[in-house]
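Peer 1:
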Amino acid sequence: MSDETQRAGVRLGDDLELAELLEDVRRIEAQSERLVSGVMAGGYKSVFRGTGIEFEEIREYVEGDDPRSVDWSVTARVGRPFVKTYVEERDLTMVFALDLSASMADGGFGHWSARQTAARIAAILALSASRNDDKVGLVAFSDQVERFVPAGKGLRHVLRIVRDCLALPAATGATDMAPALEFLSRAVRRHAVVFVISDFLDPGDDAAWRKALRLCARRHDVVAVRILPPELDPELLRDAGAGLLRLVDPETGRRETIDLRSRAVRDEYTRRVAAWRSRVDELFRRAEIDVMDVPVPRELDRDAVAGPILRFFRMRQLRGTKR
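Mapped onto numbering that gives the first Met the number 0, the consecutive letters of the sequence shown carry residue numbers 0 to 322.
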């Protein structure tokens, strides 16, 4: 645990549960440190190069300047050609939109819950941003915005966001992404990289959240981080063998037992998972956003989150940063 983390830690008093939570935040930070300072450092800088360009000055035209940069109003007023110059704006704003649905808090068959997996993703990305002196913010949502942390800088700020990712209570009602995405479009005025972290099992009315997602993607660089619990992995059916699989919907409390001894049941379960994934993939495609799939590990694997992030970085590097 770094001294800087200790100084940045939130004062939690004598409450054991909160003390354990802070220890979880510090543990995540320590686990992420090697990745952030090592293999991801160069990838972050090349994938996220800032928000574009900003105006610097108007100066007199010199040979070699691009004629398209001529400021015709100043040129006409002065009688000599002048050009506008711009510089790349390096500062980046990163915002996490975190799904607080009950399914994200449920551990299922995974070593971590989807929420704990999400917190590790946020920690790695946020620490990378902090290392580059970029801003990080958070919008946590259920069927409405539950918590908004405006983008800010510094390790203390990052640890607060990671703590919130772990500690905010799970929503009791249905999930609806549309209000959170609409809020993001209004509240975060500056162009940002927005990571929507969710299992996307029930994102709300397709038409509403698809429209909100597309509008948000017009203003920001939106990346869907899809958390995949082991229950959605077809391999689980083969691993489970001939037996009963008991499932509970954490958002409705509905219980169902699936008889995996039946080939027809296994095929239908696989078909429904594939149909859900295809439907959500199509929504992402229409919104023209990138997707990062992160499976929840069934056993302890500290590199389980790093792999998908690095693959996403490589994809962005090969294709070129989305603007």
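Note that CB positions come from ideal geometry on N, CA and C, so glycine has one too.
Remember, it's a predicted structure, so these values are computed and weren't measured experimentally.
#1: Suppose you measure from the CA of Ser261 to the CA of Glu267; what does that come to, to the nearest Å?
#2: Cα separation between Gly153 and Thr92?
#3: Give the list of continuous beta strand (DSSP E) stretches no shorter than 3 residues that lie fully inside the region 77 to 137.
#4: Report all residues from its chain with a CB closer than 8 angstroms to the CB of Ile160; omit the five preceding and five following residues, and keep chain order.
#5: DSSP three-state call for Pro294: helix, strand or coil?
#6: Just to confirm the assignment: which complete alpha helix (DSSP H) runs, minimum length 4, are found wholly within the region 169 to 218?
#7: For His190, which option in Val290, Val221, Val77, Arg276 has the closest C-alpha, if you only look at C-alpha atoms?
#8: Once DSSP output is grouped into helix, strand and coil, what is the label at Asp266?
#9: Give me the residue from Asp132, Glu145, Asp292 with the minimum Cα distance to Pro168.
#10: Looking only at C-alpha atoms, which of Trp71, Glu298, Val293 sits nearest to Phe311?
#11: Looking at the C-beta of Leu158, does it have a partner C-beta in chain C at a distance below 9 angstroms?
#12: Tell me the DSSP bridge mates of Thr256?
#13: If you draw a straight line from the alpha carbon of Arg318 to that of Arg254, how long is it in whole angstroms?
#14: Could you check the C-alpha separation between Phe115 and Tyr60 for me, to the nearest Å?
#15: Give the straight-line distance between the Cα atoms of Leu309 and Arg245, rounded to the nearest whole angstrom.
Peer 2: In short, the structure shows the following:
#1: 10 angstroms
#2: 13 angstroms
#3: 81 to 88, 92 to 98
#4: Phe95, Ala121, Ala125, Val135, Gly136, Leu137, Val148
#5: strand
#6: 177 to 186, 205 to 218
#7: Val221
#8: helix
#9: Glu145
#10: Val293
#11: The structure shown has no chain C; it contains just one protein chain.
#12: Arg245
#13: 44 angstroms
#14: It should be noted that the sequence gives Gln, not Phe, for residue 115. Between Gln115 and Tyr60, the C-alpha separation is close to 56 angstroms.
#15: 34 angstroms
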